[in-house]
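So the sequence shown is residues 764 to 977, counted in the numbering used here. Please read the structure below before turning to the comments.
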Amino acid sequence: MTELTPELEAIKAKQKATWGAGDYGVVAKNLEASALEFLARIPIEPGTRVLDVACGTGQMAFPAAAAGARVTGIDIAPGLIEQARARAESEGAKIRFDEGDAEALPYEDGSFDLVISLIGAMFAPRPELVASELMRVCRPGGRIVMGNWTPEGFIGSFFKAVGKHLPPPSGIRSPLEWGNEAIVRERLSDGTTDLRLTKRDYAFRYPFPPCDVV
Numbered sequence: 764m765t766e767l768t769p770e771l772e773a774i775k776a777k778q779k780a781t782w783g784a785g786d787y788g789v790v791a792k793n794l795e796a797s798a799l800e801f802l803a804r805i806p807i808e809p810g811t812r813v814l815d816v817a818c819g820t821g822q823m824a825f826p827a828a829a830a831g832a833r834v835t836g837i838d839i840a841p842g843l844i845e846q847a848r849a850r851a852e853s854e855g856a857k858i859r860f861d862e863g864d865a866e867a868l869p870y871e872d873g874s875f876d877l878v879i880s881l882i883g884a885m886f887a888p889r890p891e892l893v894a895s896e897l898m899r900v901c902r903p904g905g906r907i908v909m910g911n912w913t914p915e916g917f918i919g920s921f922f923k924a925v926g927k928h929l930p931p932p933s934g935i936r937s938p939l940e941w942g943n944e945a946i947v948r949e950r951l952s953d954g955t956t957d958l959r960l961t962k963r964d965y966a967f968r969y970p971f972p973p974c975d976v977v
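Okay, structure coming up:
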């Protein structure tokens with residue numbers, strides 16, 4: 764594993780602070796429809812061992828558990844994990860939530876049948892490590908399914924506009940590369956046998972102004 768430099772440590776600390784700012788739990792509740800659509804495309808049998816990487820407050824973990832899966836969620840932001848655990852306790856959901864890094868997953872090789880991430884693991888600053896870790900913890904014959912923003916869509920345009928005024932740290936790859944099929948194939952080529960990419964449009968609809976959650 765490559766060394767975690769002071770620059771990378773600062774980036775990760777900023778990510779924790781960013782995801783912990785505001786009330787992401789409220790935003791996440793309004794993302795559950797897209798999470799359900801995402802999961803509907805993935806057959807999940809009862810007893811399937813599922814890892815939700817960069818799980819946030821659990822918008823995918825909870826419906827996966829409701830389908831009978833044995834779910835573990837992991838996220839770098841402690842505040843989001845606290846919210847997820849509180850929800851699990853209040854709803855009586857048997858889901859394990861761990862604080863941890865997508866670049867160094869604290870699980871044994873082949874621990875999961877299905878590894879998922881929806882607009883989450885793509886933000887880790889070292890994508891090659893993320894790809895390696897996703898493949899490592901997924902059992903042989905298992906599945907890795909990600910939902911990522913693409914460079915061509917609205918988010919891609921937004922990133923470009925923001926980048927003109929707040930350029931990303933030097934040497935850090937764009938998270939949007941996870942929406943580039945050629946790059947994803949290169950990252951996962953050593954550990955996958957059947958790689959497919961499907962593009963979908965997503966409509967942003969929130970019943971509250973941004974100031975309510977920021």
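The C-beta atom is built at its ideal place from N, Cα and C for all residues, glycine as well.
Are the Cβ atoms of A865 and V893 separated by less than 7 Å? What you label residue 865 is simply residue 102 of the sequence shown in a count that begins at 1. What you label residue 893 is simply residue 130 of the sequence shown in a count that begins at 1. Going by C-beta atoms, A865 is nearer than 7 Å to V893.
Residues in its own chain within less than 6 Å of V908 by CB, not counting five upstream and five downstream? Start at 1 with the first residue of the sequence shown, and residue 908 comes out as number 145. Around V908: I805 and I879.
P769 versus I839: straight-line alpha-carbon distance, rounded: Here residue 769 corresponds to residue number 6 of the sequence shown, with the count starting at 1. Here residue 839 corresponds to residue number 76 of the sequence shown, with the count starting at 1. Approximately 17 Å, taken between the alpha carbons.
Run through the DSSP bridge pairs and tell me what L877 is partnered with. Against the sequence shown, residue 877 aligns to sequence position 114. BP columns for L877 point to V813 and R906.
Same chain, Cβ closer than 7 Å to A887, neighbours up to 5 away in sequence not counted: Start at 1 with the first residue of the sequence shown, and residue 887 comes out as number 124. Excluding positions up to five away in sequence, the list reads A865, E866 and V893.
So, for L960: in the same chain, excluding its five sequence neighbours on each side, which residues have a beta-carbon less than 8 Å away from its beta-carbon? Here residue 960 is taken as the residue at index 197 of the sequence shown, counted from 1. Here the set comprises E944 and V947.
L877 to L897, Cα distance in whole Å? The residue given as residue 877 occupies position 114 in the sequence shown. The residue given as residue 897 occupies position 134 in the sequence shown. Rounded to whole angstroms, L877 to L897 spans 10 Å at the Cα level.
Determine the DSSP secondary structure at I837, reduced to helix, strand or coil. The residue given as residue 837 occupies position 74 in the sequence shown. In the structure shown, I837 sits in a strand (DSSP, three-state: E or B).
Would you check if the distance between the CB atom of A884 and the CB atom of V813 is smaller than 7 Å? The count along the sequence shown starts at 1 and reaches residue 884 at position 121. The count along the sequence shown starts at 1 and reaches residue 813 at position 50. No, Cβ-Cβ distance for A884 and V813 is not below 7 Å.
Rounded to whole angstroms, what's the CA-CA distance from V976 to V925? Just pull it up for me. As a working mapping, residue 976 is identified with position 213 in the sequence shown. As a working mapping, residue 925 is identified with position 162 in the sequence shown. Confidence is the limiting factor: at V976 the pLDDT is only 48, short of 50, which leaves the residue's position unreliable, though a coordinate-based value still follows. About 20 Å.
Could you tell me the distance, in whole angstroms, from the CA atom of A851 to the CA atom of G904? Locating residue 851 in the sequence shown gives position 88, where the first residue counts as 1. Locating residue 904 in the sequence shown gives position 141, where the first residue counts as 1. Approximately 30 Å between the Cα atoms of the pair.
Taking Y965 as the reference, give the member of I918, M823, E772 and R833 with the closest Cα. In the sequence shown, the residue the question calls residue 965 occupies position 202. For the residues I918, M823, E772 and R833, the minimum Cα distance to Y965 belongs to I918.
On the CB-based measure, 16 or more other CB atoms within 10 Å of its CB, does F921 come out buried or exposed? Numbered from its first residue, the sequence shown carries residue 921 at position 158. Exposed is the call here.
Among G819, Y870 and E766, the one whose alpha carbon lies nearest that of A784: The sequence position of residue 784 within the sequence shown is 21, counting from 1. That would be G819, whose Cα lies nearest to the Cα of A784.
Look up R859 in the DSSP assignment and say whether it is helix, strand or coil. Residue 859 sits at position 96 when you count from the first residue of the sequence shown. In the structure shown, R859 sits in a strand (DSSP, three-state: E or B).
Start-end ranges of the alpha helix (DSSP H) lying completely within the segment 885-942, minimum 4 residues: 890-900 and 917-928
Does DSSP classify A824 as helix, strand or coil? Within the sequence shown, the letter at position 61 stands for residue 824. A824 falls in the helix class under three-state DSSP.
State buried or exposed for E766, treating a residue as buried only when at least 16 other CB atoms are found within 10 Å of its CB. Your numbering for residue 766 matches position 3 in the sequence shown. With fewer than 16 other Cβ atoms within 10 Å, it is exposed.
Is the distance from the Cβ of A824 to the Cβ of I858 below 7 Å? The count along the sequence shown starts at 1 and reaches residue 824 at position 61. The count along the sequence shown starts at 1 and reaches residue 858 at position 95. Cβ atoms of A824 and I858: closer than 7 Å.
From T913 to G942, what distance separates their C-alpha atoms? Translated into the one-based positions of the sequence shown, residue 913 becomes position 150. Translated into the one-based positions of the sequence shown, residue 942 becomes position 179. Distance between the alpha carbons of T913 and G942 is about 4 Å.
Please look up how many angstroms separate the CB atoms of I807 and A780, rounded, as I've assumed it's under 8 Å. Taking the first residue of the sequence shown as 1, we reach residue 807 at position 44. Taking the first residue of the sequence shown as 1, we reach residue 780 at position 17. The Cβ separation is near 33 Å, so there is no contact.
Counterpart residues of D864 in DSSP-defined beta bridges: Residue 864 sits at position 101 when you count from the first residue of the sequence shown. According to DSSP, which records beta bridges pairwise, D864 is partnered with A867.
Using a Cβ-Cβ cutoff of less than 8 Å, which residues in the same chain neighbour A847 once the five nearest sequence positions on both sides are dropped? Mapped onto the sequence shown, residue 847 falls at position 84. Counting only Cβ-Cβ distances below 8 Å, and skipping sequence neighbours, we find C818, G819, T820, G821, A824, G836, D838, I858 and F860.
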